[in-house]
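Heads up: the sequence shown begins at 100 in the numbering used here, then just goes up one per residue. The C-beta atom is built at its ideal place from N, Cα and C for all residues, glycine as well. In this text the structure is predicted, and so the values were computed from the model without any measurement. Data block below; observations after.
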Amino acid sequence: MSPRHTASSTLRRSLSLMLLACGAFSGAVAMAQAFPTKPLRLVVTFPSGGAPDILARLFSEKAQLGFPVVVDNKPGAGGNIGADNVAKSVSDGHTIVMGTVGTHSINGALYEKMPYDMVKDFSPISLIASAPNLLVVNNALPVKSVPELISYMKANPNKLSFGSPGIGTSVHVSGELFKSLTGTSMTHVPYKGRQYAIPDLMGGSIQLMFDNMPSALPMAKEGKIRALAQTTATRSPAAPDVPTVAESVPGFEATTWFAMFAPANVPRPIIDKLNAEVVRVFKLPEVQERLKTLGLDPVLSSPDELARYQATEISKWAKVVKDSGAKAQ
Numbered sequence: 100m101s102p103r104h105t106a107s108s109t110l111r112r113s114l115s116l117m118l119l120a121c122g123a124f125s126g127a128v129a130m131a132q133a134f135p136t137k138p139l140r141l142v143v144t145f146p147s148g149g150a151p152d153i154l155a156r157l158f159s160e161k162a163q164l165g166f167p168v169v170v171d172n173k174p175g176a177g178g179n180i181g182a183d184n185v186a187k188s189v190s191d192g193h194t195i196v197m198g199t200v201g202t203h204s205i206n207g208a209l210y211e212k213m214p215y216d217m218v219k220d221f222s223p224i225s226l227i228a229s230a231p232n233l234l235v236v237n238n239a240l241p242v243k244s245v246p247e248l249i250s251y252m253k254a255n256p257n258k259l260s261f262g263s264p265g266i267g268t269s270v271h272v273s274g275e276l277f278k279s280l281t282g283t284s285m286t287h288v289p290y291k292g293r294q295y296a297i298p299d300l301m302g303g304s305i306q307l308m309f310d311n312m313p314s315a316l317p318m319a320k321e322g323k324i325r326a327l328a329q330t331t332a333t334r335s336p337a338a339p340d341v342p343t344v345a346e347s348v349p350g351f352e353a354t355t356w357f358a359m360f361a362p363a364n365v366p367r368p369i370i371d372k373l374n375a376e377v378v379r380v381f382k383l384p385e386v387q388e389r390l391k392t393l394g395l396d397p398v399l400s401s402p403d404e405l406a407r408y409q410a411t412e413i414s415k416w417a418k419v420v421k422d423s424g425a426k427a428q
């Protein structure tokens, strides 16, 4: 075969590949322009009432995509059931999930067997918000500060129980981190959702909880439970009078975050369209004000920024879980 013929064949192949790529890109763009073609299903991996549900319903109320966004609560297994449901859904952008720090960074280290891959099975859309957890106790517990709580726990080893809305949640791991850094012991009691744990906390069946601030702060303000501290490195503007755990326990920091994901392999133009709508909704002044009153800090991102942030969080929480010795039973 002559060099001229070889060069000609190579050129034809290159042109064919370019045309195929252009065709695929044009097809993806056309698909995104037509998207959505039916109502969207936004899966929340916990029961109604908590921060993920609040955020999902805010998006559902404000989204303008031409079709409604239907919130579908699928709780269980620390959020794994709902997240797995989305991971195995059709990759057309019509099914998305309100992911959490648990479902998309902690659970991989905590569970020996995960039903999904936290990275490979999802297409990141956008970060939405972050928040402290609030260390709250039953009003009858004779402690009013973190140092008093630590002293009480050391004087009464294994006497206290702390609740969570499920194994692997930031609420659970905040408690494990507290035990690890303070050298104390207490029993973890996982529930199917925070709305099942809170009545037990008020009734005294469990004595404390590291609940998400949006759900715990209003109850603390009403005097139904007592807030001792928040888990972020600095105090939230929503609760400036509540100290941080780190003010008494150096090195303690646990931030919970929420982000939206689609199944893997959703065409990028559709992901970009979803990202644009998420950013639009959560930048609305009335939505931002609502988040701040709940103690949520709006944190929006591009899909690529979310992917990078998720990678750092997976690494961080893997170390915390390993150091604490926590495991999902």
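CA-to-CA distance, residue j to residue i, given in whole angstroms
i, j, result
"R293", "P174", "11 Å"
"G207", "I227", "21 Å"
"V204", "P256", "It should be noted that the sequence gives Ser, not Val, for residue 204. Distance between the alpha carbons of S204 and P256: 31 Å."
"A155", "V143", "7 Å"
"A123", "V196", "Note on A123: pLDDT 49, under 50, position unreliable in the model; the coordinate value appears next. Distance between the alpha carbons of A123 and V196 is about 26 Å."
"Q329", "Q132", "44 Å"
"A254", "P151", "37 Å"
Proximity to residue i [Cα-Cα], best of the options
i, options, result
"F134", "G148, E160 and V168", "V168"
"I369", "L164, A326 and P298", "L164"
"I324", "A337, P342, G303 and P336", "G303"
"N232", "L405, V378, A338 and S222", "A338"
"T136", "H193, T199, T202 and S401", "H193"
"S284", "S250, E388, G267 and I224", "S250"
"K426", "S335, I266, T331 and S400", "I266"
"K212", "G177, V386 and G282", "G177"
"A358", "R407, I180 and L259", "R407"
"V200", "A353, K418, D422 and R367", "A353"
Close beta carbons around residue i, own chain, < 6 Å, minus the five adjacent residues each side
i, result
"G148", "Q294"
"P138", "F166, P167 and V169"
"P246", "S347"
"M312", "A230, P231, L233 and G394"
"V420", "A208 and L209"
"D171", "R140 and V142"
Boundaries (first-last residue) of the alpha helix (DSSP H) holding residue i
i, result
"I297", "R293 to G302"
"R407", "P402 to S423"
"F381", "R367 to F381"
"V143", "First-last for V143: L139 to V143, but that is the beta strand (DSSP E), not the alpha helix (DSSP H)."
"A384", "A small fix is needed here, since residue 384 is Pro in this sequence, not Ala. Unbroken alpha helix (DSSP H) run through P384: P384 to T392."
Cβ shell of residue i (< 7 Å), same chain only, five flanking positions each side left out
i, result
"H287", "F261, S263, H271 and G274"
"L390", "A228 and P397"
"L280", "V348, G350 and F351"
Where the beta strand (DSSP E) through residue i begins and ends
i, result
"Q329", "R325 to Q329"
"L307", "L307 to N311"
"T283", "First-last for T283: undefined, no H or E at that position."
"A361", "T354 to P362"
Own chain residues within Cβ distance below 8 Å of residue i, not counting five before or after
i, result
"M252", "K258, L259, T281, T283, S284 and M285"
"K382", "P397 and L399"
For the segment 226–271, list the beta strand (DSSP E) runs that are entirely contained and at least 3 residues long, ordered along the chain. Taking only runs of at least 3 residues, the beta strand (DSSP E) segments lying wholly in the segment 226–271 are 260–263.
Runs of alpha helix (DSSP H) lying entirely within the segment 156–224, each at least 4 residues, in chain order: Counting only runs of 4 or more, we get 179–186 and 206–209.
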